[in-house]
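Taken in order, the sequence shown gives residues 1 to 257; the numbers are from our numbering.
Every residue, glycine too, gets a C-beta built ideally from N, C-alpha and C.
Below: one structure, written as structure tokens.
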Amino acid sequence: MRKTILFFTAAILSACTAEVDDLSPSERETDAASAGIIGGTVDHGDPAVVQIVGNQKDEPATFETCTATLIAPKVLLTAAHCVVNWIYFDYEVQAFLGTDRWVEDGPLVSVKEVHMHPQYDYSNVTLGYDIAVAILDEPLDITPVPYNRTPLTQADVGEPVRLIGFGDDETGWGDVKKHVSTTVHTVQPLRLGFGDANHHTCKGDSGGPALMDVNGVPTIVGVTSYGDAVNGQICTSGWHTPVDRYVEFVDQFVNAP
């Protein structure tokens, strides 16, 4: 049986940290040889790719995390389903600029507002429009990543792509920035498919970038959206929002004074 699952992480902090904090980094398997999105390695680079964390103010131990990418000094690109609760409920949102939240306290930058595409339907992510931006309180001294304006075609199937995110790996541990190199396997109007059974995105990678070289420059062509669950096994594949379809929505925030 196949189900669709969203790739953000929601948890109760007190329930998830007590036993994990007692583990050494090697026991948590976050070294470059074993960690991955699914099938990848720890990413000590890509400073523009960050984790965004929303804490519910009246229940501070309740949090939701996603991945995002800096596309302008104060603008992060992410997925709409990541920010729905943050828009409609009272959340404090921050961006984590490090690599491993289990061993690093920061740096953290406050998010002052989030905006999801007005046509996003939270009841059915497969309808598209799963794209959003988060506006930071202060600009970052990090080079933004460009986003794609030209639609991918069937000719791009088989081309290399790199996926980055703070989501779960094969061991079930997340909150560490990881990346994996793979290829394009599906190009459709509402979604892009990258990877194979052993190399793809998982929970917590929502909003993260799929990067391809466009004129020799790593460019965001997709934003991690959702995945498939088959026979009770989560993270059997990942699907991504084509950024080129929504440049008008994104541009208004990037070009804002």
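query: Quickly, what does DSSP pair Ser241 with across the bridge? List them, please.; result: A quick correction: the sequence has Thr, not Ser, at residue 241. Looking at the DSSP assignment, Thr241 forms a beta bridge with Val223.
query: From the DSSP output, in three-state form, read off Ala197 for me.; result: coil
query: Report whether the distance from the Cβ of Thr201 to the nearest heavy atom of the ligand PLP is below 6 Å.; result: The ligand PLP is absent from the structure shown, which contains no ligands of any kind.
query: Pairing CB atoms from the stretch 117 to 136 with CB atoms from the stretch 63 to 82, are three or more of them under 8 Å?; result: yes
query: Classify Thr99 as buried or exposed, calling it buried when 16 or more other Cβ atoms lie within 10 Å of its own Cβ.; result: buried
query: List the residues that DSSP assigns as beta-bridge partners of Asn85.; result: For Asn85, which the question treats as bridged, DSSP gives no partner whatsoever.
query: Can you give me the C-alpha to C-alpha distance between Tyr259 and Asp141, rounded to a whole angstrom?; result: Residue 259 cannot be examined here, being either before or after the span of the chain that is shown, 1 to 257.
query: Note down, one range per segment and in chain order, each beta strand (DSSP E) of at least 3 residues found wholly within the stretch 116 to 144.; result: 132 to 136
query: Select from Val214, Trp239, Ser206, Pro242 the residue whose C-alpha is nearest the C-alpha of Asn50.; result: According to the sequence as given, residue 50 is Val; it is not Asn. Per the Cα distances, Ser206.
query: With DSSP as the reference, label Ala80 as helix, strand or coil.; result: helix
query: Determine the direct distance from the alpha carbon of His200 to that of His314, and round the result to whole angstroms.; result: Nothing can be reported for residue 314: it is not among the residues displayed for the chain, which extend from 1 to 257.
query: Apply the 10 Å Cβ neighbour rule to Val157 and answer buried if 16 or more other Cβ atoms are within range, or exposed otherwise.; result: exposed
query: Could you say which of Leu211, Gly238, Asp168 lies nearest to Ile71 if we only look at CA atoms?; result: Leu211
query: Buried or exposed: which applies to Val145, given that a residue is buried once 16 or more other Cβ atoms fall within 10 Å of its Cβ?; result: buried
query: Determine the burial state of Asp46: buried for a count of at least 16 other Cβ atoms within 10 Å of its Cβ, exposed for fewer.; result: buried
query: Roughly how far, in whole angstroms, is the beta-carbon of Leu152 from the beta-carbon of Thr182, given that I think they are within contact range, below 8 Å?; result: About 15 Å separates the two Cβ atoms, so there is no contact after all.
query: Mapping DSSP to helix, strand and coil, what is Val250?; result: helix
query: Taking the beta strand (DSSP E) that Lys178 belongs to, which residues open and close that run?; result: 178 to 187
query: On the DSSP bridge assignment, give the partners of Leu152 in chain order.; result: Leu152 is not bridged to any residue.
query: If you follow the beta strand (DSSP E) that Tyr91 is in, where does it begin and where does it stop?; result: 91 to 96
query: May I ask which residues mark the beginning and end of the beta strand (DSSP E) holding Pro107?; result: That residue, Pro107, is in no beta strand (DSSP E); it is neither H nor E in DSSP.
query: For Ile87, count neighbouring Cβ atoms within 10 angstroms of its own Cβ and tell me buried if that reaches 16, exposed if not.; result: exposed
query: Measure the C-alpha to C-alpha separation of Gly238 and Asn255 and round it to an integer number of angstroms.; result: 30 Å
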